[in-house]
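Take 289 as the starting number for the sequence shown in our numbering and just add one per residue. The C-beta atom is built at its ideal place from N, Cα and C for all residues, glycine as well. Encoded as structure tokens, the structure appears first; notes follow it.
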Amino acid sequence: MDISKTIAEMKKNPAFAENVGMVLVHNGVVRAWSRKTREEVTALEVTPDQKKVEAIRQEFLKKPGIFDIVIEAKSGRFQPGDDLLFIIVAGDIRENVKPVLGELLDRIKAEAIGKREVMSA
Numbered sequence: 289m290d291i292s293k294t295i296a297e298m299k300k301n302p303a304f305a306e307n308v309g310m311v312l313v314h315n316g317v318v319r320a321w322s323r324k325t326r327e328e329v330t331a332l333e334v335t336p337d338q339k340k341v342e343a344i345r346q347e348f349l350k351k352p353g354i355f356d357i358v359i360e361a362k363s364g365r366f367q368p369g370d371d372l373l374f375i376i377v378a379g380d381i382r383e384n385v386k387p388v389l390g391e392l393l394d395r396i397k398a399e400a401i402g403k404r405e406v407m408s409a
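Next up, the structure:
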């Protein structure tokens with residue numbers, strides 16, 4: 289995802305300027321170490337459930353002050369440093385937008401993304 293282009297597309301909506309005071313972006317990347325064991329990770333295999341991702345997105349679009357949410361959850365085998373998950377949340381004020389990004393990220397990771405770490409030999 290080109291984050292700048294995606295936000296520029298959002299801004300084309302005539303209602304954007306009237307409804308958005310904050311845009312937050314999450315750019316998830318493959319770590320070179322395991323969160324659980326701190327062992328070296330050489331690759332990460334990811335399988336998102338795109339239907340579940342969209343269902344969660346639709347749920348969070350109904351939260352107060354949220355104007356738009358764009359999510360790109362990549363699938364496949366990735367190397368440390370590769371981009372995996374993009375989330376863009378646009379809304380009215382930080383008190384509404386900040387918690388939505390955090391909760392949305394946690395829900396997607398817990399409910400809609402499967403992953404397997406490949407460790408160094």
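CA-to-CA distance, residue j to residue i, given in whole angstroms
{"i": "A305", "j": "H314", "result": "22 Å"}
{"i": "N384", "j": "I375", "result": "16 Å"}
{"i": "R395", "j": "Q338", "result": "13 Å"}
{"i": "A400", "j": "K362", "result": "12 Å"}
Close-in-space but distant-in-sequence residues of the same chain around residue i (CB under 8 Å, 5 per side omitted)
{"i": "V329", "result": "V318, R319, A320, W321, S322, P368, E405, V406, M407 and S408"}
Proximity test, residue i beta-carbon vs the ligand ZN heavy atom, cut-off 7 Å
{"i": "R382", "result": "Although the ligand ZN was asked about, the structure shown includes no ligands whatsoever."}
Assigned exposure category for residue i - 16 Cβ within 10 Å defines buried
{"i": "D290", "result": "exposed"}
{"i": "R382", "result": "exposed"}
{"i": "R345", "result": "buried"}
{"i": "P352", "result": "exposed"}
{"i": "A343", "result": "exposed"}
Bounding residues of the alpha helix (DSSP H) (the contiguous stretch that carries residue i)
{"i": "E360", "result": "Segment I354 to A361 is the beta strand (DSSP E) holding E360; no alpha helix (DSSP H) there."}
{"i": "K299", "result": "I291 to K299"}
The beta strand (DSSP E) enclosing residue i, as first and last residue numbers
{"i": "A378", "result": "D371 to G379"}
{"i": "K403", "result": "I401 to M407"}
{"i": "N315", "result": "M310 to V317"}
{"i": "E333", "result": "V329 to P336"}
Same chain, Cβ closer than 7 Å to residue i, five either side skipped, listed in chain order
{"i": "F348", "result": "I354, I357, V388 and L392"}
{"i": "K403", "result": "L332, E333 and V334"}
(request) Tell me, please, whether the segment 383-401 touches the segment 346-357 by the rule of three or more beta-carbon pairs shorter than 8 Å. (result) yes
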